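Structure first, commentary second.
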Amino acid sequence: MLKKRLCEAWSLTKETALDFLDNNSFQKGAALAYYTVFALPPILIIMINIAGAFFGRDQVRGQVYRQLRELLGSRGATDIQQMVESINRSSDFNWATIIGVITLLIGATGVFVSLQESLNQIWGVKPKPRNEYLKLLRDRVLSFAMILAIVFLLLVSLIIHTALVAITNFLTNRVDDSFLQMMSLVNLVVSTGVITFLFALIYKFLPDAMVRWTDVWIGSLVTAVLFTLGKSLLGFYLGNSDFASLYGAAGSIIIVLTWVFYTSQVVFFGAQFTLVYARRYGTSIYPSDYAVRVINKEVEVGHAPVNNEPGPNEAKANEGINDGRS
1 MLKKRLCEAW SLTKETALDF LDNNSFQKGA ALAYYTVFAL PPILIIMINI AGAFFGRDQV
61 RGQVYRQLRE LLGSRGATDI QQMVESINRS SDFNWATIIG VITLLIGATG VFVSLQESLN
121 QIWGVKPKPR NEYLKLLRDR VLSFAMILAI VFLLLVSLII HTALVAITNF LTNRVDDSFL
181 QMMSLVNLVV STGVITFLFA LIYKFLPDAM VRWTDVWIGS LVTAVLFTLG KSLLGFYLGN
241 SDFASLYGAA GSIIIVLTWV FYTSQVVFFG AQFTLVYARR YGTSIYPSDY AVRVINKEVE
301 VGHAPVNNEP GPNEAKANEG INDGRS
């Protein structure tokens, strides 16, 4: 029984990895990382201001930058903090402020729109061409809702982290080390659970597809585990590497690009895993009511001129059909 399960797990992982490499995920991740460099400060500003209304901006800001320091190291977190504070410093209400707020919203939601397009390509779905403006509006609203969901999860994480730290500090001199280690394990499990829920929201609502929650949870858990492992390893590497001497003033940008690129690969691998798992063991994933399934078909046209449309007799269908991949 165990041998059979291991063989199935290996086969599932192998198929996921092959499809992952077939979908140009590295190229998608590079584009998303570049987009995130411009979208990260607006996202942090929105998160800090909304969450700060409940817990105080200083406490939320401290929690956010503590997480950034664990991910990006002290230098990267400090540079991002300075960026956010310099943008936040202009508080005069005028037309420039209004334009700035609109720009922040567009930039913050744009990264989720880019992520949505990549997930659509991985799952082989595409929005219908009609009602493009309504689709654009829906995508922006959905992207902003994702930011609000992240804010909510940040609040939950902040409450749980504060409670666990308070309990640990209270019991430090009253219990043995094994109990404190158990509290650290509880903190890790809760953190992984929060991240799993975030990835579940992304896979469930962001793509233009209908997928069952049962399939979403499996893929989200795999993604969260990979994210947590990579968070520790990559955070340790970035925190102990001297990027300033290698890249100079661009060191912080390189750190952000590296981290977002890895995170995007984890998200795309998890999406591919969800698709393969649903295909093997779960239920079918269908396009949404306003989307259609797409199949990318490669066609060979020999040595026809590349600047002219090939005639019907010149085209020869390729034997392989890339089902839903790009």
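UniProt numbering puts the last residue of the sequence shown at 326; the count rises by one with no breaks. We put the beta carbon where it would ideally sit given N, CA and C, even for glycine. Since we're looking at a predicted model, the values are computed, not measured.
Rounded to whole angstroms, the gap between the alpha carbons of LEU234 and VAL37 is 18 Å. Here DSSP, grouped into helix, strand and coil, assigns ARG293 to strand.
The count of Cβ pairs closer than 8 Å, one atom from the stretch 221 to 228 and one from the stretch 193 to 201, reaches three, so the stretches are in contact. Within its own chain, the residues whose Cβ lies closer than 7 Å to the Cβ of LYS231, once the five positions on either side in sequence are excluded, are LEU71, listed in chain order.
DSSP places TYR286 in the strand class (E or B) of the three-state scheme. In this model, LEU226 and THR192 are separated by some 10 Å (Cα to Cα). When DSSP states are grouped into helix, strand and coil, PRO127 belongs to the strand group.
With fewer than 16 other CB atoms across the displayed protein chains lying within 10 angstroms of its CB, PRO305 is exposed. ASN120 counts as buried, since at least 16 other C-beta atoms from the protein chains shown sit within 10 angstroms of its C-beta. For the pair of segments examined, the stretch 38 to 51 was found not to touch the stretch 276 to 293: the number of CB pairs separated by less than 8 Å stays below three. Taking C-alpha positions only, THR228 is separated from GLU309 by approximately 49 Å. The beta-carbon separation of LEU68 and ILE80, rounded to 6 Å, stays under the 8 Å limit for a contact. In the pairwise beta carbon analysis, the stretch 209 to 219 is classified as not touching the stretch 254 to 263: fewer than three pairs are separated by under 8 Å. A distance below 9 Å separates the beta carbons of ARG293 and VAL125. Between the C-alpha atoms of TYR262 and ASN187 there is a straight-line separation of about 23 Å. LEU32 and SER118 have their C-alpha atoms spaced approximately 9 Å apart. By the neighbour-count definition (other C-beta atoms within 10 Å, threshold 16), ASP58 is an exposed residue. Around the beta carbon of PHE273, a 10 Å sphere encloses 16 or more other beta carbons of the protein chains shown; the residue is thus reported as buried. In this structure, the alpha-carbon of PHE55 lies about 26 Å from that of ILE106. Under the DSSP assignment, TYR34 falls in the alpha helix (DSSP H) whose first and last residues are 25 to 55. Bridge pairing for GLU309: absent [DSSP]. The Cβ-Cβ distance between ASP22 and VAL276 does not fall below 9 Å.
Taking 9 Å as the cut-off, the beta carbon of VAL84 is found no closer than this to the beta carbon of TYR35. For ALA209, DSSP records a beta bridge to PRO287.
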